[in-house]
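The structure under discussion appears below in the form of structure tokens.
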Amino acid sequence: MSGQDFLRRLPRTGFGLGRREALQQRLHVDFLLLFLLLALTVVGMSVLYSASGESMVTMRRQGTFFLIAFTAMFAVAQVPVDFMRRMAPWAYVGGVILLILVLVVGVGAKGAQRWLSIGGFRFQPSEIMKLAMPVMIAAYLSKRFLPPGLKHVFFTLLLIAIPTALIIDQPDLGTSILVAASGIVVLFFAGLRWGYIVLAVIIFTASLWPIWHFMLHDYQRQRVLTLLNPEADRLGAGWNIIQSKTAIGSGGLSGKGWLEGTQSRLDFLPEGHTDFIIAVMAEEFGLLGVLMLLGVYILVIMRGMMIALNAQDSFGRLLAASITTTFFVYVFVNMGMVSGLLPVVGVPLPLISQGGTAIVTLMAGFGILMAIATERKRVMTPQKK
Amino acid sequence: MSETQHFKDYHRETRIFWARLAVMSSVMLALLGVLVYRYHHLQIVQYQDYATQSDRNRVHIQPIPPTRGLIYDRNGILLAENRPSYTLSVVRERAGDLEETLDYLQTLVEIRATDREKFYKLMHQRRRPFEPVPLRYNLSEEELASLAVNEFRLEGVEIDAQLVRHYPQGDLFAHTVGYVGRISEAELDNFDEEEYRRYSGTHSIGKTGLERHYEDILLGEVGNQNVETNARGRVQRVLERIDPKPGGDLHLYLDVRMQQTAVAALAGRRGAVVAIEVKSGGVLAAVSVPSYDPNLFVTGISFADYRSLNESLDMPLYNRFIQGVYPPGSTIKPMIGLAGLDSGFTDVNRSISDPGFFRLPNTEWIWRDWKRGGHGGRVDLKQAISESCDTYFWDLGNRMGIDRLSEFGSHFGLGELTRIDIPNERRGVWPSREWKRGAKGQAWYPGDTINMSIGQGYVLTSPMQLAVMTATLAHRGVRIRPQMVQRANGEFLAPVIEDRFDVAEAHWDAIFDGMAEVMHGQRGTARVAGQGADYRMAGKSGTAQVVGIAQGEKYDSEALKERHRDHALFVSFAPLEDPQIAVAVIVENAEGGSSQAGPVARKMMDAFLRGKYLMPEQPEGVEEAATPVAGRLPSQPLARRVIDTGGVN
């Protein structure tokens, strides 16, 4: 056999790539994923155009953010995966310090304190944590024996709990859910034993009763009840839900048409361009539009999971799986809360809702996925001593 | 073999990952199924319902604002009430061309340029869609009629009866009850979700005084109703209604008659009067003159009105009894005397020789007594209080030292917030070494102690603090937090004891004795104010310098401008045997505490103990020698202007 034949029989080891794959690897870009993200961007911009009342100012702003976000994605994709793993503890510790700073010297509005202001420039440290958390947990667990032992599980939970608690304190329930989920998911994919999972569920359920009856004040209980059943509070949280359900429901199968949604155009729908944007979409494009959007999301998630499967080591695998699953959590929580299935917790619809930093963070996450996908493949021949 | 244990089992990890991925994918698929089912349910199954509802959104939710709690004085007289008033509002979303609508409305009712300006400002604030924006308040009968006749032409124009806050006592309670005003944009921005909900439908919020402090109780709980409207936005049918809960009422210690007496006794002079019920800490009267009409602020004060109030030299908006801090002067001498007795630096028998000045030992520094030539060879504590001998207290203070003075005074609440139940109180200064180091960056000098001993130098107190100090004296060491509200929402607000300290009974008696001598003694400084009473009282006058006098300079009051004249102060309590009422009075730039402020305090005590109330219109009483000081400025009538309700804009 000639050497040539040998190489051709190992198509995935980095020597016999097709031209497209070689290009992808050189640019560190996954073309399929990039195409799906661009499609979402186009959908998002057109829905936002309608939801913002055809505001060109909003469009320019959002366009700028997308530009920054895609740049961030390409930049992150160039970073070697191993470097990310080594940097993880620094990013994590830095993120926690910034979160503490937010509570001490942060600025905010409407009773929440979420931003740090440096020289007039404001940013949310919790956004950093959205990425630092899965990287940290994946870096930590990938160095241990998997499935992780009780000691490592415990330490991982501690690593998850600290930033989550700090973000809940701001208070920002939506982000804290996303951050916690991105960590817990890593634990799950690392092979957390089913026994622990069942135990955790039992402990959680059992502790609800005493917490409810002994640890909460009346007004806190009232707040939880409102969160669970917003329609009881028709002037507060309920107002949004009633209006968004009306918008969604009145869209029907095929919708009222682009720029024709009466609920959103008449300003009935608050937050129509941010967290509640799916209601605008559902009103104008109907169930078919919603299903098509869901379809694109599913493709993104499938692609992300494939990247995870093909990753070179545990770290890349766990990280890719976590980022992809968190993306799903975004979609599910947002679409669930706007349609009245879930409490309203302030999670945006990824790549569609207006909001600069969230989009940049999301795209940076996809940058990590691409870095993992295009990592130079090493020939791994398992050797036994 | 043991070495292989340290290698990770790559294949096993991969297997686990595959299994987990399968589980996670199933979960995601199931959840996606739930989402699809939900959207299908809303958009296909319930499509008809929602499509109907969305059709011009005929059914919508309106907040029903609660009625604000009422405020009564101690005898049940209304101080703050809600009056129905017809308001013309416009719903922007329904009005079509806004400019055109406004122009047309202008032909029917009077709409001033300021009304329009305010309307646009309100319209650009954050609000619910389809929420009416008020344009004109207090529509007259004729205006209502002409609007009703043209109703068919007025799309998006609404007339509703709103309850608007009214203060029947006018300027008498402006500084105590305060006022409500429109919720400002800044306040709106600071609302959290809960507050945003509570204030939906409510347009006003407590801005000052009790209205602000007790906002939570007064506001009540908002209700709401589901209404069906026609295309013009008029309510056709109420589908479902949750009633609002009205706000809680406040019952005060304040007494309208006592307030009137205080204003009458000040007779137009600038100043403040505070009267406190000794046993409860309840505030019987608190006035700051000149005052203003709080009704001006309720629906938004006009720029011109506000400017004239704000720029007046008499400062009617300034709450003199909690924000005005003045040197207390000699009014604190009884307390200093008590400190001397308690710490053993003097006793009732000790006397000094007063040459009319005090020289700080081993220095050239000299302080001159207000009485040239001094008070005689043997001045004891009782005489020192009754004749207000400065030299005695300079000597005493100098020997006690700053630390003892500072500690003792804080028992009386000097230099501390009284924590009275209205906002924006000032703390004043009761100095200590630490205070001076912090505030001035300097060490404490013995000369500072000398000034402090007679309530000058750095010392600053508000009339409210002086009243609390006097009540604490009268109550023999029990300091109760001053409180204006007796019952809130039907609940009695128990008095709060801030401090309680022990001093020998004999010492209290000695101080009471000295203060009684001020009012009833042959040489008491305020014997004129104490004349002809059928009860015994205790008092002490004070004079607060407005302009410092340099060493050796002669004090010449004639040369000073009116506004640079000394303030007259007086504190007193009565009856001596079982004190019921404590009073603090300041008359700005009136000089002579005993002659000017003393009679005011006496009238307050006469009113409370003997029912001799005065009315502001009544001419001045005759018992005092009246001492009309030439050149005193008459109070400017600006703040007392009464605006008839029809003219409020």
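These protein sequence lines map, in sequence, to chains H and E. If you read the first sequence in the numbering used here, its first letter stands for residue 1, the second for the next number, and so on. If you read the second sequence in the numbering used here, its first letter stands for residue 386, the second for the next number, and so on. Cβ atoms here follow ideal geometry from the backbone N, Cα and C, with glycine treated the same way.
Spatial distance of residue i from residue j (CA atoms)
i	j	result
E:A929	E:G800	17 Å
E:F955	E:R987	10 Å
H:R19	H:E375	16 Å
E:I896	E:A911	16 Å
E:R468	E:F706	30 Å
H:H152	H:L141	8 Å
H:N334	E:Y435	21 Å
E:E398	H:L99	34 Å
E:L694	E:P848	22 Å
E:R950	E:N974	5 Å
E:Q610	E:R583	15 Å
H:Q346	E:E485	With the sequence shown as reference, residue 346 of chain H is identified as Gly, and Gln is not the correct amino acid for it. One C-alpha to the other measures close to 40 Å.
E:Y505	E:E526	26 Å
H:G172	H:V47	Reading off the sequence, residue 172 of chain H comes out as Asp, not Gly. So the two alpha carbons sit approximately 26 Å from each other.
E:A982	E:E749	35 Å
H:T156	H:P148	10 Å
E:H760	E:G794	26 Å
E:Y581	E:L573	8 Å
E:G729	E:V888	11 Å
H:T164	H:M306	29 Å
H:G251	H:S55	22 Å
H:L228	H:G238	11 Å
E:R735	E:V764	8 Å
H:L146	H:F35	35 Å
Own chain residues within Cβ distance below 8 Å of residue i, not counting five before or after
i	result
H:A39	V296
E:L994	Y920, A959, P960, Q965, I966
H:V107	Q113, W115, L116, S117, R122
E:I770	K718, P719, G722, I896, G899, M900, E902, V903, K925
Among the options, the one whose alpha carbon lies nearest that of residue i
i	options	result
E:V607	E:R597, E:S585, E:A967	E:S585
E:Y777	E:L639, E:V733, E:T593, E:Y564	E:V733
E:E625	E:K664, E:T731, E:P448, E:V641	E:P448
H:G340	E:P519, E:Y920, E:L420, E:R400	E:L420
E:E478	E:E516, E:H905, E:G656	E:E516
H:P350	H:M292, H:V338, H:D275, H:E283	H:D275
E:R744	E:L463, E:K925, E:P831, E:L532	E:P831
H:L253	E:V430, E:T587, E:G782, E:L417	E:V430
E:L854	E:H760, E:A824, E:G666, E:I787	First, the residue type needs correcting, since residue 854 of chain E is Met and not Leu in the sequence shown. Nearest of E:H760, E:A824, E:G666, E:I787 to E:M854, Cα basis: E:G666.
E:E502	E:I686, E:D765, E:P867	E:I686
H:A75	H:H28, H:I162, H:V43	H:H28
E:S957	E:L698, E:A660, E:E819, E:I835	E:A660
H:L158	H:N229, H:V360, H:E21, H:V96	H:V96
E:W755	E:A923, E:K825, E:A724, E:I839	E:I839
H:L342	H:A311, H:L225, H:A282, H:L291	H:L225
Cβ-based neighbour list, residue i, same chain, cut-off 7 Å, excluding 5 preceding and 5 following
i	result
H:I211	none
H:I301	T324, F327, F328
Residue i vs residue j beta-carbon contact at 7 Å
i	j	result
E:G862	E:F886	yes
H:A190	H:L319	no
E:G632	E:L603	yes
E:E662	E:K767	no
E:R871	E:H636	Position check: residue 871 of chain E holds Gln in this sequence, whereas Arg was assumed. Taking 7 Å as the Cβ cut-off, E:Q871 and E:H636 qualify as a contacting pair.
H:S322	H:S182	yes
E:V970	E:V658	yes
E:I787	E:W829	yes
E:D640	E:G454	no
H:T102	H:P125	Per the sequence presented here, residue 102 of chain H reads as Val, with Thr not at that position. Taking 7 Å as the Cβ cut-off, H:V102 and H:P125 qualify as a contacting pair.
E:G762	E:S738	yes
Beta-carbon contacts of residue i that lie in its chain and below 6 Å, excluding the five residues immediately before and after
i	result
H:S314	S142
H:T58	S52
E:L726	H892
H:M136	A88, Y92
Evaluate the contact criterion for the region 540-559 of chain E versus the region 673-687 of chain E: three or more CB pairs, one atom per stretch, below 8 Å.
They touch, by the three-pair rule.
Taking three-plus beta-carbon pairs below 8 Å as touching, is the region 950-967 of chain E in contact with the region 979-999 of chain E?
By the criterion of at least three beta-carbon pairs nearer than 8 Å, the region 950-967 of chain E is in contact with the region 979-999 of chain E.
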